[in-house]
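Protein chains in written order, with the numbering used here: chain A, 1 to 481; chain B, 482 to 659; chain C, 660 to 759. Each residue gets a CB set at the ideal place from its N, CA and C atoms; glycine is no exception. Accompanying notes for the structure given below.
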Amino acid sequence: MVFSLIALLLLALGGSMTLLFATVLERNPVMTAGGGLGVAVLALMFFALSYEQPGVLLGMYQLGGLSAIGGMILSLIAALTILGVMANPHKYRAGLSEIYALILFTALGGTLMIGANNLLLLYIGIELSSYSTYILVGYYRDERYSTEAATKYFVLGALASALLLYGISLLFGAGGGLYYDQIAATLAAADTLPALLWPGLALLLAGFGFKLALVPFHAWTPDAYQGAPTMAAALLSVGPKAGAVIALGNLLTQALGLEAISGVWQQALIWLAVLTMTVGNLQALNQRNLKRLLGYSSVAQLGTIIVGLAAGTLAGFQAVILYALGYAFTNIGAFTSIAALRDAGVGEEVDDYAGLGKRQPQAALLFTLFLLSLAGVPLLAGFAGKLFVFKSAVDAGLIVLATIAVLNTVIAYFYYFRVIVKMWLQPAADEAQPVNVNAIAMTALALGVIGVLVIGTFPGPFLEAIATALEPLGGLIIVGR
Amino acid sequence: MLTFVVLSVLMIVGAVGVITLKQPVHAALSLVATLLTLAVTYVTLQAHFLAAIQVIVYAGAIMVLFLFVIMLLNIQGDQPQPHFRWMQIVAYLTALLAAGAIAATAFLSPRELPNAELMSEALAGGGAAAIGEALFNDFVLAFQLVGVLLLTGIIGAVSLVQRKATQTAKDERELSGV
Amino acid sequence: MLTLNHFLALGAILFAIGLYGLLSRRNLVAILMSVEILLNAILVNVVAIARFNDQAQGDVFALFIIAIAAAEVAVGLALFLNVFRLNGVATVDPLRRMKE
Numbered sequence: 001m002v003f004s005l006i007a008l009l010l011l012a013l014g015g016s017m018t019l020l021f022a023t024v025l026e027r028n029p030v031m032t033a034g035g036g037l038g039v040a041v042l043a044l045m046f047f048a049l050s051y052e053q054p055g056v057l058l059g060m061y062q063l064g065g066l067s068a069i070g071g072m073i074l075s076l077i078a079a080l081t082i083l084g085v086m087a088n089p090h091k092y093r094a095g096l097s098e099i100y101a102l103i104l105f106t107a108l109g110g111t112l113m114i115g116a117n118n119l120l121l122l123y124i125g126i127e128l129s130s131y132s133t134y135i136l137v138g139y140y141r142d143e144r145y146s147t148e149a150a151t152k153y154f155v156l157g158a159l160a161s162a163l164l165l166y167g168i169s170l171l172f173g174a175g176g177g178l179y180y181d182q183i184a185a186t187l188a189a190a191d192t193l194p195a196l197l198w199p200g201l202a203l204l205l206a207g208f209g210f211k212l213a214l215v216p217f218h219a220w221t222p223d224a225y226q227g228a229p230t231m232a233a234a235l236l237s238v239g240p241k242a243g244a245v246i247a248l249g250n251l252l253t254q255a256l257g258l259e260a261i262s263g264v265w266q267q268a269l270i271w272l273a274v275l276t277m278t279v280g281n282l283q284a285l286n287q288r289n290l291k292r293l294l295g296y297s298s299v300a301q302l303g304t305i306i307v308g309l310a311a312g313t314l315a316g317f318q319a320v321i322l323y324a325l326g327y328a329f330t331n332i333g334a335f336t337s338i339a340a341l342r343d344a345g346v347g348e349e350v351d352d353y354a355g356l357g358k359r360q361p362q363a364a365l366l367f368t369l370f371l372l373s374l375a376g377v378p379l380l381a382g383f384a385g386k387l388f389v390f391k392s393a394v395d396a397g398l399i400v401l402a403t404i405a406v407l408n409t410v411i412a413y414f415y416y417f418r419v420i421v422k423m424w425l426q427p428a429a430d431e432a433q434p435v436n437v438n439a440i441a442m443t444a445l446a447l448g449v450i451g452v453l454v455i456g457t458f459p460g461p462f463l464e465a466i467a468t469a470l471e472p473l474g475g476l477i478i479v480g481r
Numbered sequence: 482m483l484t485f486v487v488l489s490v491l492m493i494v495g496a497v498g499v500i501t502l503k504q505p506v507h508a509a510l511s512l513v514a515t516l517l518t519l520a521v522t523y524v525t526l527q528a529h530f531l532a533a534i535q536v537i538v539y540a541g542a543i544m545v546l547f548l549f550v551i552m553l554l555n556i557q558g559d560q561p562q563p564h565f566r567w568m569q570i571v572a573y574l575t576a577l578l579a580a581g582a583i584a585a586t587a588f589l590s591p592r593e594l595p596n597a598e599l600m601s602e603a604l605a606g607g608g609a610a611a612i613g614e615a616l617f618n619d620f621v622l623a624f625q626l627v628g629v630l631l632l633t634g635i636i637g638a639v640s641l642v643q644r645k646a647t648q649t650a651k652d653e654r655e656l657s658g659v
Numbered sequence: 660m661l662t663l664n665h666f667l668a669l670g671a672i673l674f675a676i677g678l679y680g681l682l683s684r685r686n687l688v689a690i691l692m693s694v695e696i697l698l699n700a701i702l703v704n705v706v707a708i709a710r711f712n713d714q715a716q717g718d719v720f721a722l723f724i725i726a727i728a729a730a731e732v733a734v735g736l737a738l739f740l741n742v743f744r745l746n747g748v749a750t751v752d753p754l755r756r757m758k759e
């Protein structure tokens, strides 16, 4: 209880405090960034300590287990993002600490979604992480691209929130309450399922679809990623999404796990997954801008994650969380590479990366590893995530879905390898000079690669920890189909 | 029943006004009409405290913010025609589909409804005391966290709109004629 | 006799109107007003359901929706002010630069 409380307070108050201390520290960029990083790392530690202390905070928030793991993933994401920002603090209005507060609030929002045991807290968590990312995407207030990206993201995000909230209101009517267990109990006791449930579920999935950028709700993604400050895109691509995907799993299994209902949402998720993977990968194939390419790639990745949820089993949910963890390291790493190389004078188009292997071998190598992990090459985190997700789908009898997912992985190889080939096998365009990447950025990248390698090589302990955390849900999850 | 029909018609007319009137100020006033009618609907549902909040916060504070921005930007009326014709068709279809589906489902299984006694019994729940009780007991965590959410809103407004310190200084110099 | 379904139908109609406005208006402030209609449609649902379920939960939920809407409007209008400052108009028209 104590440890989780400290961790949550760190994210909430620590975020607010960085705002105050920025003034006290006379806007010293290093000190404020260090403060933000410290808060994120401390929150990570306290979430880790709270892992074995289950409980309920003020009746609304599950402690320990799953929410501790969620908190750890989100704090980690915040820490890695802040490290990426620290590499070039002046780009993010250095001394002002809004950016750190917003990153920490995004993490807090994600954590709240995951730990919520009722629809209200779920909604507050989603909105907290959405609002923070709206502001972060539009953070370059004097740049048209950034503002354009933020406006598109905001308008579609507001629509998504409204759809989600409409779904929640209907679910509230169908389930007779806001608490997950209350809804599950009401539905289990009902002779016939209330008709309100179905539009409620559909709107809920559409709302989550927007937030997770699943096809056909993904229109905002490429623009938002391309226009956003690179580290904001990094956070946007993992923070709210890791939170929302685990929260969705939690909600579906705990409140709507009844067999008659789970069949329906499984079917919906299967279609969403197939569409999302295929469209995301096909659209990524001919992108010239790297951030846009990674935007479509993240659409496809989310489609793959959803396969695990569609399986509807404990193993599937377990794989989803492992995937989210590996994806966090990988995608933030990839975006940090782009940000660091951009600071060093390399453009953001795929063509600008020609011959990078010669100009900056270390950074190119690390970026290559991140791309390989995204593509799903063995011994890297992306592969472990994909493997367990596909395995869970096969075990659940979803052979066709698993086959489509594997075929999609093959399509994805084309665009990831196109960038890699560009970097290593093509000569640099003209007067190619060596590129200097600063030390903090290299540290951030190295940390990311270590995470990718550790998860990819030894996924066992992580899977075990996740399995233990999911045990309390065991009875509520339907196994098999 | 009659009250409900009158209120719904007013509310829908207001909402249609918001999306069709060309002048943003007219649309905003139309929205105020919808919000106030909704407040009255709350009263018919015995949610008195919420009705007050609706008037004070929604029709009051939020709408003032809207009007302030409309005046600040000096927005002229925009053409109601969207840029792409197909976009409008899509908008029509989506809206109709959504309304149809939801309303149909709502009517498919009429719910056993409480009678008048139950309604008046529920009166206790609509008062400030009952809401306060729930807000500061069951929902106190959510209450705290909405504080963080509002802080995020403030940070957003400040960090997005605030101009560069140097630029502000320059403007001030220009204004003071130095 | 007034039933819950009457309120849900009213909510659905309002939601549809808001959805149409959101998708068809070009003026950003008008788009944000459409979002407010969407939220009010939800408020109709929540308050009616709360009353017919006889629960304080719904009233508190409605209160939270109003508070969260306030924060949303603040962030949205701040963004739109920026759009206006950079483009001279606050409509969706100039927001097509990245589509190449």
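- Annotation for A/Gly243: the continuous alpha helix (DSSP H) segment containing it runs 230-254.
- Listed along chain A are Met60, Leu120, Leu121, Ile124, each with a C-beta nearer than 7 angstroms to that of B/Ala623.
- In the structure shown, the three-state DSSP call for B/Thr525 is helix.
- Minimum Cα-Cα distance from A/Leu136 among the listed residues A/Ile183, A/Leu365, A/Ser97 corresponds to A/Ser97.
- For the region 132-144 of chain A, residues whose beta-carbon sits nearer than 9 angstroms to a beta-carbon of chain B comprise Ser132, Tyr134, Ile135, Gly138, Tyr139, Arg141, Asp142.
- Residue environment for B/Leu553: exposed (fewer than 16 other C-beta atoms within 10 angstroms of its C-beta).
- Here A/Asn436 has Ala344 as same chain residues with Cβ atoms under 6 angstroms from its own Cβ, once five neighbours each way along the sequence are excluded.
- Inter-segment contact for the region 261-270 of chain A and the region 294-302 of chain A is absent: fewer than three beta-carbon pairs are separated by less than 8 angstroms.
- Per DSSP, reduced to three states, the secondary structure at A/Tyr61 is strand.
- Beta-carbon to beta-carbon, A/Ser50 and A/Ala68 are separated by about 5 angstroms, close enough to satisfy the 8 angstroms threshold.
- As far as DSSP is concerned, A/Thr330 takes part in no beta bridge.
- Contact annotation: in the region 324-335 of chain A, no residue has its CB less than 9 angstroms from a CB in chain C.
- Looking at the DSSP output, A/Ala116 sits in a beta bridge with A/Tyr61.
- Using a Cβ distance threshold of 8 angstroms, A/Gly14 and A/Leu104 count as a contacting pair.
- A contact is defined here as three or more CB-CB pairs under 8 angstroms, and the region 268-275 of chain A fails this definition with respect to the region 284-291 of chain A.
- The beta-carbon of B/Phe485 is placed no less than 8 angstroms from the nearest beta-carbon of chain A.
- Against chain B, a Cβ distance below 7 angstroms from A/Ala12 picks out Val629.
- The beta carbon of B/Val521 sits closer than 8 angstroms to those of Leu488, Ala532, all from its chain and outside the five residues before and after it, given in chain order.
- Taking 8 angstroms as the cut-off, the beta carbon of A/Gly55 is found closer than this to the beta carbon of A/Leu63.
- Interface residue (Cβ-Cβ distance to chain C less than 8 angstroms): A/Glu348 is not classified as such.
- Using a Cβ-Cβ cut-off of 8 angstroms, B/Gly613 does not count as an interface residue toward chain A, since no Cβ of chain A sits closer than that to its own.
- Under the three-state reduction of DSSP, A/Gly55 is assigned to strand.
- In the structure shown, the three-state DSSP call for A/Asn289 is strand.
- Using a Cβ-Cβ cut-off of 8 angstroms, B/Gly541 does not count as an interface residue toward chain C, since no Cβ of chain C sits closer than that to its own.
- Across the structure, A/Ala195 and A/Ala174 are spaced so that their CA atoms are roughly 8 angstroms apart.
- In this chain, the alpha helix (DSSP H) harbouring C/Phe674 covers 663-683.
- If you draw a 10 Å sphere on the C-beta of B/Met492, you find 16 or more other C-beta atoms in it, and that means buried.
- In the DSSP assignment, the residues bridged to C/Thr750 are C/Asn686.
- Contact annotation: C/Leu697 and C/Ile724 have beta-carbon atoms that are not nearer than 8 angstroms.
- A check of alpha carbon separations from A/Gln426 across A/Leu205, A/Gly177, A/Tyr353, A/Val454 identifies A/Tyr353 as the nearest.
- The DSSP-derived three-state label of A/Glu127 is helix.
- For A/Tyr225, the enclosing alpha helix (DSSP H) starts and ends at 221-227.
- In the three-state scheme derived from DSSP, where H, G and I count as helix and E and B as strand, A/Tyr179 is classed as strand.
- By the 16-neighbour rule on beta-carbons within 10 angstroms, B/Met544 is buried.
- Exposure of A/His90 is indicated by the presence of fewer than 16 other C-beta atoms within 10 angstroms of its C-beta.
- Per DSSP, the unbroken alpha helix (DSSP H) holding A/Pro29 starts and ends at 29-49.
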